[in-house]
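Protein chains in written order, with our numbering: chain H, 2 to 414; chain X, 2 to 414.
Here a beta-carbon is modelled for each residue, glycine too, at the ideal position from N, C-alpha and C.
Predicted, not measured: the structure shown is a model, and the values here were computed from it.
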């Protein structure tokens with residue numbers, strides 16, 4: 002493997018997580034130490050920062066601020082949702098990227114994102130190869146959705162899962178506080194895969210947790226749902242429901258987009274999302290107090306509750322990407338493999354082909370969902386529990402989080 | 002002051018907080034050590050547990066479990082919203098309470114709650130005195146709303162404020178992550194007083210925080226609101242709005258109960274609350290991406306982020322109530338006075354007459370709200386910042402909270 006001398010660029014893409022910046026930190030800190038890497042740039046708002054020639058020089062940042070990325074939520078370099086064309090069909094963006102890569106002598110490209118980002122990585126890699134520009138392209142995964150194919154789990158998932166399970170445990174106590182009875186519906190992110198909603202069930206490990214749990218992997222049946230809720234409520238005088246935003250009726254339509262509710266027969270779109278819709282359904286059926294809670298951005302931005310396991314693995318994913326690229330690897334994503342050493346969970350870092358990761362979505366296995374379709378099995382708990390382990394020691398000032406504040410000095414070629 | 006030998010009962014009431022159980026812990030642990038207290042009972046679901054003769058014997062609990070109340074959210078003994086009649090008008094409940102007090106020889110009554118609970122305390126105290134039954138009645142305050150009169154602040158407020166300010170800081174970063182622009186409306190509890198919503202402004206201390214803030218102390222003007230949002234959005238390409246659920250139009254109607262929106266001219270009640278209503282308003286006006294987040298129960302149940310200052314003060318409030326009662330005091334609530342010793346915040350415990358506390362609501366002072374009515378001044382920050390200080394060291398097992406699990410052994414007379 003030849004040594005390749007040149008600059009590197011890292012870009013972040015897609016919905017942020019509590020630890021995507023820990024991955025960036027892993028890339029930046031490792032790259033700054035690599036002899037073959039001459040400069041470390043961060044692209045503003047993902048691939049668009051490259052297209053717009055807006056790169057920041059990470060060598061000009063205070064190293065202490067860079068390290069604060071370990072506990073800083075959102076994507077510090079900015080994100081984007083820009084979909085690139087196939088280079089075979091329309092190569093304008095790729096020509097522009099090549100131009101910028103040449104301008105800064107960029108020989109390493111690290112893209113920190115989910116499915117779409119791995120797709121972008123894969124296309125850029127193919128294009129650079131086709132035009133004979135030597136550049137090593139590596140994917141650094143992130144997604145709270147945990148739906149990337151080929152990897153045991155994804156950085157970002159463990160922290161969101163910990164936030165969800167902890168919040169469910171706390172709300173579970175609150176929801177039973179009055180003798181008058183109460184139902185609570187907690188809406189959790191996950192449009193196509195139920196990994197996040199399933200993590201609500203982790204609260205059962207501390208004796209709390211949802212009574213009922215609905216994932217998009219199973220068809221949602223309104224009648225059965227109301228029967229389930231009624232049965233729990235009649236027994237316990239309370240019911241806590243965790244539900245994925247992506248649940249669908251048998252015809253494939255999203256429950257969250259249902260146009261008609263019992264209070265409104267005119268077909269007006271409801272404000273307030275799925276939690277409000279299901280709450281209204283339950284209220285109509287049981288006539289009791291019902292509250293809907295949507296975890297919304299809180300679940301992916303909750304860095305204060307990030308799992309230390311997740312932070313460490315996210316950092317390591319970034320770091321491994323740099324080390325492998327410098328050793329000659331290209332066109333791969335860093336993936337995770339689970340090992341149990343003396344019965345103790347441990348994470349092994351592996352390399353996966355970008356194109357496999359890009360085009361397949363991993364769902365919660367059917368056999369991990371209970372027969373009744375309103376809960377998960379012990380196999381899921383055993384899978385997810387190690388990922389939420391470890392309390393982080395985030396820096397706090399005046400009782401408030403101390404996030405990274407990068408200077409973002411524009412790079413010069 | 003005579004020594005009074007007998008049992009004590011503690012009851013919890015109203016909406017729970019992250020630290021109301023820390024106050025209960027203060028009462029129970031201190032009472033268990035007091036020589037003049039013969040037994041320590043916890044009433045099931047507030048005053049209704051006394052009316053229903055359902056008391057739990059705290060002496061039969063594992064002391065380690067009792068101490069876990071320090072980090073357990075919700076009201077572990079259960080809460081109620083039972084409104085007692087004036088004893089002068091209808092004394093049936095009071096006769097029943099007297100009967101139960103006599104049955105268990107209860108000579109000390111500690112009521113842990115907000116405005117209504119202090120009212121109940123006051124009435125029970127008056128009644129017991131009028132019938133010549135010697136019983137010392139003490140109020141132990143709690144409310145995330147921070148609206149109790151006479152006390153500098155209330156236990157529960159600091160923890161909710163810390164949760165809100167931290168969540169606002171995190172969401173603030175996430176809300177600016179895309180170059181495409183975004184507005185986010187965060188709905189915060191507080192029907193009549195804006196203390197909680199104002200705490201969102203604490204995030205400004207770490208460089209984040211809401212761009213705009215609306216409290217119920219000021220009349221809500223829709224046109225001005227939209228003008229404010231537009232101005233911020235045009236300048237920053239994003240806007241974070243924190244708003245109290247209790248904001249009202251000039252005619253006194255709650256904005257959250259507005260029947261008509263731009264999408265629905267038929268006057269149907271909106272699902273999803275104030276955040277959804279304001280989001281829709283902004284979307285109509287600016288046409289940009291808008292997200293509404295309601296902090297709902299999360300903000301009062303978030304024990305994982307409870308302020309250690311708040312936990313300590315809540316405990317102390319309970320403990321002081323017991324010690325003063327044993328020393329002969331009755332008919333008082335433990336209140337807080339702020340001191341600065343060498344410039345450092347410190348809390349002094351004082352005794353306040355129950356009836357003053359019960360019937361007055363404390364609002365955010367007009368001079369702490371900016372002239373434009375969309376923010377708070379430095380005076381508010383200086384007031385609230387010490388209350389969110391201190392990271393708690395809650396017990397965690399398997400990455401999940403370890404809450405108290407009381408056995409709740411029914412008391413025997």
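Closest in alpha carbon position to residue 216(H), among 202(H), 284(H), 194(H) and 236(H), is 194(H). According to the DSSP assignment, residue 100(H) belongs to the alpha helix (DSSP H) that extends over 93–105. Closest in C-alpha terms to residue 384(X), from the list 391(X), 394(X), 339(X) and 412(X), comes 339(X). Residue state for residue 403(H) is assigned as coil, using DSSP reduced to three classes. With fewer than 16 other CB atoms across the displayed protein chains lying within 10 angstroms of its CB, residue 366(H) is exposed.
Annotation: the continuous alpha helix (DSSP H) that includes residue 26(H) extends over 21–34.
Taking 3 residues as the minimum length, the beta strand (DSSP E) runs contained wholly in the region 311–348 of chain H are 333–342, in order along the chain. Between the region 395–405 of chain H and the region 54–64 of chain X there are fewer than three C-beta pairs closer than 8 Å, too few to call the two in contact.
Residue pairing for residue 292(X): DSSP places it in a beta bridge opposite 185(X). Residue 387(X) carries a helical assignment under DSSP once its states are collapsed to helix, strand and coil. The alpha-carbon separation between residue 160(X) and residue 311(X) amounts to approximately 6 Å. For residue 301(X), the chain H residues whose Cβ falls inside 8 Å of its Cβ are 175, in order along the chain. For the pair residue 377(H) and residue 214(H), the Cα-to-Cα distance works out to about 8 Å. With fewer than 16 other CB atoms across the displayed protein chains lying within 10 angstroms of its CB, residue 34(H) is exposed. Looking from the CA of residue 149(X), the closest CA among 116(X), 129(X), 120(X) and 180(X) belongs to 116(X). Contacts between residue 34(X) and chain H, judged by CB atoms closer than 9 Å, are missing: the closest CB pair is about 27 Å apart.
Proximity of residue 348(X) to chain H, defined by a Cβ-Cβ separation below 9 Å, is not satisfied. Residue 276(H) has its alpha-carbon roughly 27 Å from the corresponding atom of residue 212(X). Beta bridge pairing from DSSP links residue 137(H) with 109(H). Counting along the chain, no alpha helix (DSSP H) covers residue 43(H); the unbroken beta strand (DSSP E) around it starts and ends at 38–44. The Cβ of residue 332(X) sits no closer than 9 Å to any Cβ of chain H. Its chain contains 185, 187, 241 and 294 as the residues whose beta carbon lies nearer than 8 Å to that of residue 172(X), once the 5 sequence neighbours on both sides are disregarded; these appear in chain order.
The distance from the Cβ of residue 296(H) to that of residue 205(H) is about 18 Å, inconsistent with a contact at the 8 Å cut-off. Using a Cβ-Cβ cut-off of 9 Å, residue 406(H) counts as an interface residue toward chain X, since at least one Cβ of chain X sits closer than that to its own. DSSP places residue 128(X) within a helical segment (H, G or I) once states are collapsed to three. Interface with chain X (9 Å Cβ-Cβ cutoff): residue 214(H) is excluded. Following the DSSP letters along the chain, one finds residue 8(H) in no alpha helix (DSSP H) but inside the beta strand (DSSP E) bounded by residues 7–13. Rounded to whole angstroms, the gap between the alpha carbons of residue 247(H) and residue 289(H) is 26 Å. Residue environment for residue 120(H): buried (at least 16 other C-beta atoms within 10 angstroms of its C-beta). Distance between residue 325(H) and residue 391(H), taken at the CA atoms: about 27 Å.
Taking a beta-carbon distance threshold of 9 Å, residue 181(X) counts as an interface residue toward chain H. If the five residues before and after residue 346(X) are omitted, its C-beta is found closer than 6 Å to the C-beta atoms of 387, all from its own chain and listed in chain order. The CB of residue 399(X) comes closer than 7 Å to the CB of 206, 386 and 390 in chain H, given here in chain order. Of the residues 348(X), 414(X), 230(X) and 396(X), the one whose Cα lies closest to the Cα of residue 314(X) is 348(X).
Its chain contains 185 as the residues whose beta carbon lies nearer than 6 Å to that of residue 292(X), once the 5 sequence neighbours on both sides are disregarded; these appear in chain order. Here the region 89–107 of chain H does not lie against the region 24–39 of chain X, with fewer than 3 beta-carbon pairs under 8 Å apart.
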